[in-house]
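Have a look at the structure below before the remarks.
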Amino acid sequence: MNELILTEDFHIRASERNAHKVALAKAEGELLSIAALRRLDLNTGTDEDGFPYYVWDMASVARELAELYVRKLIPGSWEAFFNDLCRMAEGIDKEAWTYFYKSAVKDEEAFLAMERSDADF
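This is how it looks when you write it as structure tokens:
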């Protein structure tokens with residue numbers, strides 16, 4: 001019984017320690033894909049509101065990175081990589097990235113404040 005508990009506990013803690021690495025690697029892959037598709041002039045069409053399709057993919061990455069940033073889930077040894085990802089996103093579309101990332105940070109700060117105050121949605 002103790003072996004099972006220790007093993008499960010170990011795996012949970014190992015997963016928690018690696019979660020930020022997985023999230024950052026996933027964000028890097030998504031940004032590289034967005035950049036490659038833009039270079040090939042793919043996924044650059046616009047939706048009914050006139051926004052390029054790829055900006056919605058960037059918005060998704062912005063939300064993921066904002067959550068890590070606001071919740072302080074990025075260890076010091078990974079901050080440079082995080083900053084590189086933000087610069088990569090700016091290089092793809094600075095205006096879109098700035099808008100979506102700032103909005104995502106504000107939203108995540110509000111979610112965190114609600115969680116801390118035990119407010120109901």
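Those letters in the sequence shown? Residues 1 to 121, per my numbering, in order. Note that the Cβ used here is the ideal one computed from N, Cα and C, for glycine as well.
Output the boundary residues of the alpha helix (DSSP H) element that contains residue i.
i, result
"G76", "Careful: G76 lies outside any alpha helix (DSSP H) and carries neither H nor E."
Residue i bridges to which residues according to DSSP?
i, result
"T46", "P52"
Taking C-alpha atoms, which residue in the options lies nearest to residue i?
i, options, result
"G87", "F51, L32, R17", "Reading the sequence as shown, one finds Arg at residue 87 and not Gly. Nearest of F51, L32, R17 to R87, Cα basis: L32."
"N18", "L73, L37, L65", "L73"
"E108", "V22, A80, R63, T44", "R63"
"F82", "K102, E95, L68, I92", "L68"
"T98", "A113, A66, F111", "A66"
"K21", "V55, S77, R38, T46", "S77"
Since residue i and residue j should fall inside the 8 angstroms C-beta cutoff, what is the C-beta to C-beta distance between them, to a whole number of angstroms?
i, j, result
"I34", "D57", "5 angstroms"
"L112", "V70", "6 angstroms"
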